[in-house]
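**Q** For the sequence shown, position 37 (counting from the first letter as 1) is numbered 37 according to the numbering used here, and the numbering increases by one without interruption.
For every residue, glycine included, the Cβ atom is placed at its ideal position computed from N, Cα and C.
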Amino acid sequence: GGASPPPFPAASPASQPPSRSPTVQRIYDRTMQWARKRDERLDSAKAAKEASELQGCTFEPDTSAADQRRPVDPGIYGGDGKAWGYDDYVARMQHARASAATGGGGGAESPPPGGSRSTSKGP
């Protein structure tokens with residue numbers, strides 16, 4: 001058995017793409033020119049559409065008035081500067097971490113120390 005030729009011819013670095021016939025080249029050039037003009041036309045139509053959409057937009061945010069910000073309502077804070085419920089939250093988190101470290105379930109049967117919430121309803 002003879003050796004079969006490679007499936008694709010080896011390309012040398014100096015090889016050039018095959019030259020086109022003058023007719024094919026003219027068709028190619030016209031097609032590329034048409035595509036460029038189409039793209040330019042679409043781009044200008046898109047820009048005009050965006051400009052017309054923004055024409056009615058009158059909102060201009062004032063970003064230089066940082067000193068005009070309203071302060072946070074002091075009523076949400078207690079006298080110590082912490083938000084209401086902060087101490088209860090911290091106590092619950094510490095209790096949960098301690099329960100997890102000791103392997104305890106930390107369920108509803110063992111409320112956190114100092115917790116002010118009651119889960120029972122009625123008298």
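(1) Report the rounded CA-to-CA distance for M32 versus T58, giving the unit in angstroms.
(2) Count the other C-beta atoms from every protein chain shown that fall within 10 angstroms of the C-beta of G85, then say buried if there are 16 or more, exposed otherwise.
(3) Between which two residues does the alpha helix (DSSP H) containing K82 stretch?
(4) Report yes if the CB atom of Y28 is closer than 8 angstroms to the CB atom of R38, and no otherwise.
(5) Go ahead and pull the three-state DSSP assignment for R20.
(6) Distance check for K46 and R30, CA to CA, integer angstroms please.
(7) Output the distance between the C-alpha atoms of A35 and L42, rounded to the nearest integer angstrom.
**A** Short version:
(1) 41 angstroms
(2) exposed
(3) Where K82 is concerned, there is no enclosing alpha helix (DSSP H), given that its DSSP letter is neither H nor E.
(4) no
(5) In the structure shown, R20 sits in coil (DSSP, three-state: anything other than H, G, I, E or B).
(6) 24 angstroms
(7) About 10 angstroms.
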